[in-house]
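For the sequence shown, counting from 1, position 126 maps to 1183 in our numbering; every step adds exactly one. Each residue gets a CB set at the ideal place from its N, CA and C atoms; glycine is no exception. Since this is a predicted model, take the numbers as computed values, not measurements. Have a look at the structure below before the remarks.
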Amino acid sequence: MKRLLVVDDNEQNLYLLRVLLEGSGFEVAAAGNGAVALEMGRRDPPDMVITDVLMPVMDGFTLCRRWKADKRLTRIPFVFYTATYTDPKDEEFALNLGAEKFIVKPAEPERLVETLKDVYERFESGRLFPARPAEEDEQVYLREYNEALIRKLEDKMLQLEESNAKLNRTVAGLETEVARRHQAEVELRRLNEALEERVSERTAILTEMNQALEAFAFTVSHDLRTPLRVIQMLAESIEASQKIGDTPATILTAAKQMDQLIQDLLAYTRLNRANIRFEPVPLSSVLADCRARLRIPDGQLQVNEPLGKVLGDYLTLLQVVENLLSNAIKFTKPGELPRVRVWSNCDKDRIRLWVEDHGIGISDEDRERIFNVFERLHSPERYPGTGVGLAIVRKGVERLGGQVGLESKPGEGSRFWIDLPGAPSEGTSP
Ligand code: ADP
């Protein structure tokens, strides 16, 4: 196997040449500059030398000159492998120093290997006459050497400037990329935060809904079981004693109460799922319908027309107003007849409908909770009911995009109001 001494100060070049040449069957020894190469050559002469020109400590020209001046080394083929651009004078100078070949980088890998093999074969077969250094006097040599080195250095400077410019461009590109990535990261973080916020908002809503659902389920089962227990108890007592008395009437009342509860609950839950159709609805029609359904005697309800038209769903409105009216009529003071007044007023594009009674009134601390399902302030004996009516009012009004509220004084009466979007081009007066 031919032993090649490769001389280059650039680690990367050395590595590439080693891979290429070893892959092509050479054994490779490497030196980082001329001085090292000379010492290695003297210690253990290789079969061929391939060297760069510009290197620290000792350049390729000086190495060639010393190599060829050394009797033990002079026959060994010496090849220059040098930078991109070179002046023909450099090649001439190198060959004058005794080099066998001058190859310009970057050569095709196969061509480089072929050239080296060719040089070596010619040398071995005796067809390569060992170059003999031209016999110039020292001064001529030094002048040519200086000129060659200056040319090389100028080349190198140019190369360095070019790679510097390239490096600057790369750095600028990298900076832009870094800024872009930073921006993307900031954006990603922002999106993540927004997402987390939404997730925790939803979680909070879900938790709240869950709690409401649990409370609702608890109350439902509790309230439904009360009449059921009465029915059970009475049925058992019938079975035990066979003394019927007024037991059937009590069973009937309990069963009716339970039926009413279930109906109200269904009406309430249906509100959640019902499709709401928004259309102009004259409030006076709603009032007339309610009056008929609740069979309110003429003297007990005063309606101040016109009430105006709202934008809403007729059946939902009917449920809402009917519950308000039935409460106004129901919660009268003992021994008094109901006196209910209904009117509306218009503010911009909203209509506020009022239902006023002169009943028992509601205290401030009870104002909020009466809108909850099954929330009642009185026993069913005094004022019958299921406690679902106002929950239906609130849910219905919310679904219509409105609001509900009240003004009240215990012992004097209450005024409930609902605010709803008015139907376009409608005006009302109190
Ligand atoms: P219900 O009428 O079936 O008892 P609601 O949900 O309609 O249930 O009302 C809840 C509670 O609010 C009533 O039990 C009552 O104590 C109080 N309430 C509602 N409307 C009036 C009113 N107009 N005057 C006095 N109290 C009322």
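At which residues does the beta strand (DSSP E) containing residue i begin and terminate?
| i | result |
| --- | --- |
| Q1359 | 1358-1360 |
| E1181 | E1181 -> not in any beta strand (DSSP E); alpha helix (DSSP H) instead, spanning 1166-1181. |
Any heavy atom of ligand 1 within a distance shorter than 7 Å of the CB on residue i?
| i | result |
| --- | --- |
| S1471 | yes |
| R1433 | yes |
| V1377 | no |
| A1480 | no |
| T1443 | yes |
| F1275 | no |
| A1324 | no |
| A1448 | yes |
| I1417 | yes |
| I1353 | no |
| K1387 | yes |
| I1427 | yes |
| D1280 | no |
| D1414 | yes |
Give me the Cα-Cα distance between residue i and residue j, rounded to the nearest whole angstrom.
| i | j | result |
| --- | --- | --- |
| R1100 | G1230 | 49 Å |
| A1488 | Q1240 | Because the chain in this structure spans residues 1058 to 1487, residue 1488 falls outside the shown range and cannot be described. |
| V1397 | G1356 | 9 Å |
| I1475 | N1380 | 12 Å |
| L1457 | S1436 | 32 Å |
| N1249 | I1262 | 20 Å |
| E1232 | A1251 | 28 Å |
| A1092 | Y1138 | 17 Å |
Strictly by DSSP, which residues pair up with residue i?
| i | result |
| --- | --- |
| E1148 | Paired residue(s): none; E1148 is not in a bridge. |
| T1139 | V1161 |
| M1105 | L1061 |
| W1411 | W1400, W1474 |
| E1464 | R1472 |
| E1336 | G1369 |
| E1084 | R1060 |
| G1479 | V1367 |
Please list the terminal residues of the continuous alpha helix (DSSP H) segment that includes residue i.
| i | result |
| --- | --- |
| A1094 | 1091-1100 |
| T1525 | Shown here, the chain extends from 1058 to 1487; a query on residue 1525 therefore has no answer. |
| I1417 | Careful: I1417 lies outside any alpha helix (DSSP H) and carries neither H nor E. |
Do we get a CB-CB distance below 8 Å when we pair residue i with the residues of chain C?
| i | result |
| --- | --- |
| G1453 | Here there is only one protein chain, and chain C is not present. |
Given 8 Å, three or more beta-carbon pairs between the stretch 1321-1338 and the stretch 1355-1362: no
At least 3 beta-carbon pairs within less than 8 Å: the stretch 1061-1081 vs the stretch 1141-1161: no
Three-pair Cβ contact test at 8 Å for the stretch 1302-1321 versus the stretch 1340-1349: no
At least three beta-carbon pairs within less than 8 Å, the stretch 1208-1219 to the stretch 1161-1179: no
Inter-stretch contact at 8 Å, needing at least 3 Cβ pairs: the stretch 1463-1470 / the stretch 1414-1424: yes
Cβ contact check for the stretch 1371-1378 and the stretch 1441-1461: 3 or more pairs under 8 Å: yes
Meets three-Cβ-pair contact criterion under 8 Å: the stretch 1076-1086 and the stretch 1112-1130: no
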